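Numbering (my numbering), first residue to last: 58 to 350.
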């Protein structure tokens, strides 16, 4: 009887140990699976955080590079705007291109920030510092866009001023050309002189000279007619016209010219007349009439 009781007690103890061991093993397995799941979640979150950090760094670097370029372009615009724009026809185009470039960079920055901000909204573990950084950058973009609009307005006013100045310059250039043409014409007229030669009969028939004064046809002075025939004359530039070839036995200079302003070459026949001082020679008359025999 005692033996049976001992056996029963042993069996019960053994079963208890086995049951307890089974329960402990099941609990441990559950804990292990839970730890594994938590580990996977941590790895996923770490990978996501790493990706977000990489994208954040890339976005910030992109924005900073654009801001550096924008700052440089703003300095260029400021420098060009302070220069003498009237003497730089391409200045307004340069400013316009720089403003467009800055505006495009700001739009690109804004898109990057919007994308990053949307990602943070869907992330339950939002980083407060990162959110504040994005807000500051958005504020900076807003300020820059306002500056760009101000620059656009300045450019429009500048273009209006340039167009007005260009119109004024065109008008002045046109007036200058007209004035130059008038001066050139007047100068040409002032420097134009006329000469003619021929026998007395030829000159009278051509309505160039007439005889006045004298007694019974003797001692009459030859002079230019008031209504002389200008078509009979040859027009020349007094500074370029130096010599007139005559080949005459005798000559008479009808028009008044200082004797020391010219030379006569040759005798019987007289070969030519040379003008040695044009200004003095033409000082009394812009016409030269020579009667030849």
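Heads up, the beta-carbon is just placed ideally off N, CA and C, and yes, glycines get one too.
The structure displayed is predicted, hence computed values, not measured ones.
Asked                                                                                                                                                                           : Found
For residue 314, count neighbouring C-beta atoms within 10 Å of its own C-beta (all shown protein chains included) and say buried if the count is 16 or more, exposed if not.   : buried
Roughly how many angstroms lie between the CA atoms of residue 277 and residue 324, to the nearest whole one?                                                                   : In this prediction, residue 277 has a pLDDT of 49, which is less than 50 and means its spatial position is unreliable; what the coordinates show is noted afterwards. Distance between the alpha carbons of residue 277 and residue 324 is about 26 Å.
Are residue 349 and residue 311 close, meaning C-beta to C-beta below 8 Å?                                                                                                      : no
With C-beta atoms as the reference, is residue 169 less than 8 Å away from residue 116?                                                                                         : yes
Can you list, in chain order, the residues of its chain whose CB lies under 6 Å from that of residue 340, leaving out five sequence neighbours each side?                       : none
Give a yes or no on whether the C-beta atoms belonging to residue 291 and residue 329 are separated by under 8 Å.                                                               : no
Could you give the residue range of the beta strand (DSSP E) that holds residue 304?                                                                                            : 300-305
Take the Cβ of residue 203 as the centre, count every other Cβ of all protein chains shown within 10 Å, and call the residue buried at 16 or more, exposed below.               : exposed
Between the alpha carbons of residue 195 and residue 98, how many angstroms are there, rounded?                                                                                 : 33 Å
Do residue 174 and residue 120 have their C-beta atoms closer together than 8 Å?                                                                                                : no
To the nearest angstrom, how far is it from the Cα of residue 300 to the Cα of residue 238?                                                                                     : 29 Å
Along the chain, where does the alpha helix (DSSP H) containing residue 355 start, and where does it finish?                                                                    : This structure leaves residue 355 out entirely; the chain is present only between 58 and 350.
Run the CB neighbour count on residue 295, radius 10 Å, all protein chains shown included, and call it buried at 16 or more, exposed below.                                     : buried
Exposed or buried, residue 247, counting other C-beta atoms within 10 Å across all chains shown (16 or more means buried)?                                                      : exposed
State yes or no: is the C-beta of residue 164 nearer than 7 Å to some heavy atom of the ligand FAD?                                                                             : Within the structure as shown, the ligand FAD is missing, as the structure has no ligands at all.
Using a Cβ-Cβ cutoff of less than 8 Å, which residues in the same chain neighbour residue 205 once the five nearest sequence positions on both sides are dropped?               : 156, 159, 160, 163
Excluding the 5 residues preceding and the 5 following residue 326 in the sequence, name in chain order all residues of the same chain whose CB lies nearer than 7 Å to its CB. : 304, 305, 306
Any idea if residue 234 is buried or exposed, counting beta-carbon neighbours within 10 angstroms, 16 or more meaning buried?                                                   : exposed
By the 10 Å Cβ neighbour count, where 16 or more other Cβ atoms means buried, how is residue 104 classified, buried or exposed?                                                 : exposed
What separation, rounded to the nearest whole angstrom, lies between the Cα atoms of residue 275 and residue 261?                                                               : Summary for residue 275: the model assigns pLDDT 37, below 50, so the residue's position carries little reliability; its value from the coordinates is reported in the next sentence. The alpha-carbon atoms of residue 275 and residue 261 are separated by roughly 17 Å.
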